[in-house]
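Protein chains in written order, with the UniProt record's numbering: chain P, 1 to 171; chain F, 1 to 358.
Here it is in structure tokens:
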């Protein structure tokens, strides 16, 4: 049930966004019909709508999902790290993210420069939370948010890459 | 370029180059401060030093600088070793003084400059703009001073004429210097604007090294002192190599070129503008490297993920196959049982019919 964390270490998601953790919940992220694998490359146009995020776990437990971009605005100079894309809280275990409360509205990846990582982190809540999103999306800190809401270490992480599509493709 | 001309140019045209990273670009005043700051100061004014003492203090400063920069460089071990070797070489024969000069004090030499300065400049010419105001000794850079004093061996014939003492490093024909210079500048477009004085000063070491490769392998072209090399052949190879790649490698943190080499040579052949270009190129290269590393990591991460996925699916598949086999086995057994015992089912049916009320 647990995903392998090594790709997260090599992809520097563990380290730059979250600390080392042991996955305990199985989370699948699907844009359209297909589940994504860690490190896959998606087109921004294919990720404009929120994905279907299904999680395992018990009904009574509640989970928080955060999606951030640690490579904003450019991977070589991530001055806005992390850029917040989505926060959903109070997701019951065994369901999907649409059953939770969307605290920060989903915003699709729009990487201006370079290939960005988009990281979906799932935390287990101790209790029902009434979290408020930060004022702005730039310079969000997943660790700080987790600490502020007593979320502890993540229980699952999925990430994918996205790159700006060439302009001529949109025509 | 004949010998005399070479000497004149070297003597008359103060190099207009601003160099960073070399103590030769410091003025006397700055150098004095540096020495004091390093604790290696001789406690003596430069004016009263004789030329021998001056050179020795320059070497000391240069050495400590070379070592500091070498240890700071990425390839610490290699560069450190090269730096040490270079320092030893420098001391042996990089700057040699004619005996008549070595006992003169700096003030005396300076006095000579002031006397012969203006006519020398106009004679040596080369279109070198003449500064309106005669600079004081304190404002003069070490490079300029050494060139004008004839300390730097860009004019070996002149030095030999002035002094009876033999040059420890064999004198080289100016022709070779010319070759080296033209090869060098030919490869480095835009650096030709270096003044005549700089021409006389800068490319000598390079010409030497290029020549050392083919003609005089025993001579390490140690000029200006800060070029740190282990062997002459190595240097010329590295030199040619880096020229071929348009200098890109000089700034590479992985290239085994010690820092002083980089700073001095590049500074000499270039002005501040080129320095900027090189810096920009260096920054771009570092970025490029980081990006390449990220790209590799990305690929590796994805590969690992897929491999893990494959592994998981294989295990799952094996499990399912095993289950299927078990089920098949069970079904087969059931069928066999039914065949071998055809009454079993009937028996089960019979009681119902038997117990029927009819």
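Ideal Cβ placement from N, Cα and C applies to all residues, glycine included.
Predicted, not measured: the structure shown is a model, and the values here were computed from it.
*Taking the C-alpha atoms as reference points, what is the distance between residue 156 of chain P and residue 100 of chain P?*
Answer to the nearest angstrom: the Cα atoms are 17 angstroms apart.
*Proximity test, Cβ basis, 8 angstroms: residue 285 of chain F and chain P*: For residue 285 of chain F, the answer is no, since every Cβ of chain P falls outside 8 angstroms of its Cβ.
*Looking at the structure shown, is residue 151 of chain P part of a helix, part of a strand, or coil, going by DSSP?*
Coil, per DSSP.
*So, is the C-beta of residue 11 of chain P closer than 8 angstroms to a C-beta in chain F?*
It does; some Cβ of chain F falls within 8 angstroms.
*beta strand (DSSP E) segment containing residue 29 of chain P, residue limits*: First-last of the beta strand (DSSP E) with residue 29 of chain P: 27–31.
*Short-range partners of chain F found in the stretch 43–57 of chain P, where Cβ spacing is below 9 angstroms*: Cβ proximity to chain F below 9 angstroms picks out nothing from the stretch 43–57 of chain P.
*Please report the Cβ distance between residue 89 of chain P and residue 49 of chain P, rounded to the nearest whole angstrom; I am assuming they are in contact, meaning their Cβ atoms lie under 8 angstroms.*
In fact, because the Cβ distance is near 20 angstroms, the residues do not count as touching under 8 angstroms.
*Flag this pair as touching only if the stretch 70–83 of chain P and the stretch 288–295 of chain F have three or more C-beta atom pairs under 8 angstroms; answer yes or no.*
With the cut-off at 8 angstroms, the stretch 70–83 of chain P and the stretch 288–295 of chain F touch.
*Taking any Cβ of chain P, which residues in the UniProt domain "BZIP" (278–329) of chain F have a Cβ under 7 angstroms from it, in chain order?*
Along the UniProt domain "BZIP" (278–329) of chain F, going in chain order, the ones with a CB nearer than 7 angstroms to a CB of chain P are 287, 290, 291, 294, 297, 298, 300, 301, 302, 304, 305, 306, 308, 309.
*Can you tell me where the alpha helix (DSSP H) with residue 320 of chain F in it begins and where it stops?*
Going by DSSP, residue 320 of chain F is part of the alpha helix (DSSP H) stretching over 272–340.
*Would residue 158 of chain P pass as a contact of residue 96 of chain P if the rule is Cβ separation under 8 angstroms?*
No; because the gap between Cβ atoms is not below 8 angstroms, this pair is not in contact.
*asked:* Tell me the rounded alpha-carbon separation between residue 150 of chain P and residue 67 of chain P.
replied: Between the alpha carbons of residue 150 of chain P and residue 67 of chain P lies a gap of roughly 18 angstroms.
_Neighbour flag for residue 37 of chain P against chain F, beta carbons, 8 angstroms_ = Yes - at least one Cβ of chain F is within 8 angstroms of the one on residue 37 of chain P.
*Using 10 angstroms around the beta-carbon of residue 284 of chain F, count the other beta-carbons present and answer buried if the total reaches 16, otherwise exposed.*
The Cβ neighbour count for residue 284 of chain F, taken over all protein chains shown within 10 Å, is under 16; the residue is labelled exposed.
*What does residue 6 of chain P reach in chain F if we use C-beta pairs closer than 9 angstroms?*
Going along chain F in sequence order, the residues near residue 6 of chain P (Cβ under 9 angstroms) are 301, 304, 305, 308.
*What three-state label does DSSP hand residue 174 of chain P in the structure shown?*
Residue 174 of chain P cannot be examined here, being either before or after the span of chain P that is shown, 1 to 171.
_CA nearest to the CA of residue 98 of chain P, picked from P/165, P/135, P/63_ = Closest by C-alpha distance to residue 98 of chain P, out of P/165, P/135, P/63, is P/63.
*What residues in its chain sit with their C-beta under 8 angstroms from that of residue 137 of chain P, if we drop five residues either side in the sequence?*
If we look at residue 137 of chain P and ignore the five residues flanking it on each side, its Cβ neighbours are 83, 84, 85, 104, 107.
*In three-state DSSP terms, what is residue 156 of chain P?*
In the structure shown, residue 156 of chain P sits in a strand (DSSP, three-state: E or B).
_DSSP state of residue 140 of chain P mapped onto helix, strand, coil_ = It is coil, neither helix nor strand.
*What does residue 76 of chain P reach in chain F if we use C-beta pairs closer than 7 angstroms?*
Contacts between residue 76 of chain P and chain F, judged by CB atoms closer than 7 angstroms, involve 287, 290, 291 in chain order.
*By how many angstroms is the C-alpha of residue 12 of chain P removed from the C-alpha of residue 141 of chain P?*
A direct Cα-Cα distance of roughly 15 angstroms separates residue 141 of chain P from residue 12 of chain P.
*Give the secondary structure of residue 88 of chain P by DSSP, where H, G and I count as helix, E and B as strand, and everything else as coil.*
It is a strand residue.
*Nearest to residue 119 of chain P by alpha carbon, out of P/94, P/93, P/87, P/128?*
Ranking P/94, P/93, P/87, P/128 by Cα distance to residue 119 of chain P puts P/87 first.
*Determine the closest residue to residue 125 of chain P out of P/165, P/167, P/81, P/92, with distance taken between C-alpha atoms.*
Nearest of P/165, P/167, P/81, P/92 to residue 125 of chain P, Cα basis: P/92.
*Can you say whether residue 304 of chain F is buried or exposed, counting buried as having 16 or more other CB atoms within 10 angstroms of its CB?*
The residue in question, residue 304 of chain F, is buried, as its Cβ has 16 or more Cβ neighbours within 10 Å.
*Tell me where the beta strand (DSSP E) around residue 18 of chain P begins and ends.*
According to the DSSP assignment, residue 18 of chain P belongs to no beta strand (DSSP E), since it is labelled neither H nor E.
*Exposure of residue 58 of chain P, with buried meaning 16 or more beta-carbon neighbours within 10 Å*: That one is exposed.
_Does any residue of chain F have a CB that is nearer than 8 angstroms to the CB of residue 115 of chain P?_
Yes - at least one Cβ of chain F is within 8 angstroms of the one on residue 115 of chain P.
_With distance defined between alpha-carbon atoms, name the residue in P/145, P/24, P/164 nearest to residue 115 of chain P._
Checking every option, the nearest Cα to that of residue 115 of chain P belongs to P/164.
_Considering only the alpha carbon of each residue, which of P/147, P/24, P/152 lies closest to residue 56 of chain P?_
The candidate whose alpha carbon is nearest that of residue 56 of chain P is P/24.
*Cα separation between residue 18 of chain P and residue 298 of chain F?*
Spanning the two alpha carbons is a distance of roughly 17 angstroms.
*asked:* What would DSSP say about residue 53 of chain P, mapped onto helix, strand or coil?
replied: Of the three classes helix, strand and coil, the one that applies to residue 53 of chain P here is strand, per DSSP.
*Quick one: what's got a C-beta closer than 6 angstroms to residue 71 of chain P's C-beta in the same chain, skipping five residues either side?*
Excluding sequence neighbours, residue 71 of chain P sits near 78, 116, 117.
*When the Cα atoms are used, what is the spatial distance from residue 42 of chain P to residue 162 of chain P?*
When only Cα atoms are considered, residue 42 of chain P and residue 162 of chain P end up about 5 angstroms apart.
_So, with DSSP's three-state summary, where would you put residue 96 of chain P?_
Strand, per DSSP.
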